[in-house]
Amino acid sequence: MKALLLAGGLGTRLRPLTEHLPKPMAPVMDRPWLEHLIEHLRRQGIDEFVIAVKHHAGVIERRLGDGRRLGVRITYSREPGLLGTAGAIKHAEPLLSERFLVLNADIIHLTRLVPLLEFHRNTGAQVTIGLTEVDDPSQYGVVEQTWDGRILRFVEKPPRALAPSRRVNAGIYVMEKEVLRHIPAGREVSIERETFPHLIQSGVPVYGAPVEGYWLDMGTLGRYLGLHRDVLDGRIRLPWMPTPKRPGIWIGENAQIHPTARLEPPVWVGAGARIGAGCVVGPYGVVGAGAELLSHTQISNAVVLPRTQASGITAIGNAIVGPDFHAALQPVGAAQNEGVLQH
Ligand code: GTP
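Going by UniProt numbering, the sequence shown opens with residue 1, and the numbers climb by one from there.
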């Protein structure tokens with residue numbers, strides 16, 4: 001069975017990170033998230049992928065190529081224009097198997113897929129939607145189901161007290177190819193807003209089954225930063241997470257740390273990164289591979305992206321620092337809005 005990874009969206013909520021990168025290629029502990037995801041799926045026996053690309057497609061194609069480096073086979077479905085989540089699946093139709101998996105490539109999870117596939121087989125569903133439980137359903141489209149998991153309807157952003165459940169679409173689906181005849185070709189179609197409600201109304205068997213474990217939509221800068229905190233805290237264990245040098249302290253190969261610099265766990269210093277004299281990194285500091293902190297820079301609760309040089313910054317809190325931008329999410333003494341302060 002093939003897995004189709006949706007990776008072509010604009011990622012507007014993750015700008016400026018996504019000005020030069022597709023969202024699923026955002027680095028997480030020095031590897032694009034998409035590579036962590038493919039490795040996770042490979043370990044579950046999935047080795048054939050179709051990646052639906054559009055926004056900065058070349059970044060994905062150049063890095064992943066035909067997949068050989070990752071031990072998998074990858075083909076690309078290139079879209080002429082933005083087609084939306086269902087339009088992208090329709091466009092990839094000639095490349096898909098009779099039954100296939102679809103994953104939003106910007107969702108962070110390391111879910112075991114076998115139970116979802118078994119559920120799909122046992123119910124005879126045409127589509128099975130992986131469901132995750134959220135604390136506050138008022139931000140999401142919540143599902144109402146029968147006792148055996150068939151989805152009756154989606155309730156969009158219900159007030160907490162009126163929500164029929166706390167289960168929401170996790171962005172992971174098992175689909176039968178024949179269902180694609182319900183998706184119009186050649187225009188933008190949203191799977192959440194258009195296709196699923198249409199299928200349910202038309203009586204097509206659409207089921208939902210829980211997916212276990214950590215789940216995060218990394219769509220905003222705040223959540224992207226939160227993801228790094230969760231990784232450092234061990235709330236999610238990435239397929240390519242090395243063992244720390246000391247508890248809570250990861251130091252990559254050939255990283256140089258000045259003897260007067262201080263690392264306060266949890267902290268990640270990527271391969272080849274340089275931490276100058278008197279710097280303080282952490283707690284919750286991530287310095288990407290090849291990045292450089294010049295003397296007396298202090299960072300905590302912050303991500304310095306790979307190959308970034310940062311200097312003269314003290315006590316960055318809640319920030320992402322990149323070669324081209326500095327996004328402070330809650331700068332001390334400034335407005336609490338998420339956003340980019342300075343390019
Ligand atoms: P925002 O602009 O911030 O809403 O992000 P987005 O549109 O990139 O992502 P959204 O969360 O809406 O989409 C979920 C997943 O589907 C992401 O992995 C996107 O990359 C992907 N996606 C969204 N639209 C398209 C599309 O038109 N084509 C393809 N191939 N993928 C898409």
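Yeah, the Cβ is synthetic: ideal placement off N, Cα and C, and Gly gets one too.
Rounded to the nearest angstrom, the gap between the Cα atoms of Leu131 and Gly213 is 11 Å. The closest CA to that of Phe154, considering only Glu188, Leu64 and Arg166, is found on Arg166. Short of 6 Å from the beta carbon of Ile299, and not among the five residues preceding or following it, lie these beta carbons of its own chain, in chain order: Val281, Gly285 and Ile316. With contacts defined as CB atoms closer than 8 Å, Gly278 and Ala291 fail to qualify as a contacting pair. Per the coordinates, the alpha-carbon of Ala255 lies some 6 Å from the alpha-carbon of Arg274. Burial check for Ser77: the Cβ neighbour count within 10 Å reaches 16 or more, so the residue is buried. The stretch 107 to 120 makes contact with the stretch 166 to 183: 3 or more CB pairs, one atom from each, lie closer than 8 Å. The beta-carbon distance between Arg43 and Leu70, rounded to whole angstroms, is 11 Å. This is too long to meet the 8 Å contact definition. Unbroken beta strand (DSSP E) stretches of 3 residues or longer found wholly inside the stretch 212 to 255: 215 to 217 and 249 to 251, given in chain order. Rounded to whole angstroms, the gap between the alpha carbons of Pro205 and Gly124 is 8 Å.
Residue range Glu48 to Val53 is occupied by the beta strand (DSSP E) that includes Ala52.
With respect to the 8 Å criterion, Gln126 and Val179 are classified as neighbours on the basis of their beta carbons. Counting the other Cβ atoms within 10 Å of the Cβ of Ala7 gives 16 or more, which makes it buried. Contact between the stretch 81 to 97 and the stretch 13 to 21 is absent, with fewer than three C-beta pairs closer than 8 Å. Distances between the C-beta of Arg13 and the heavy atoms of the ligand GTP include at least one below 7 Å. Bridge partners of Gln126 according to DSSP: none are assigned. Ala185 counts as exposed, since fewer than 16 other beta carbons sit within 10 angstroms of its beta carbon.
Residue pairing of Arg274 in beta bridges, as defined by DSSP: Gln256 and Glu292. Scanning the stretch 30 to 108 from its first residue to its last, the whole beta strand (DSSP E) runs of 3-plus residues come out as 48 to 53, 73 to 78 and 99 to 104.
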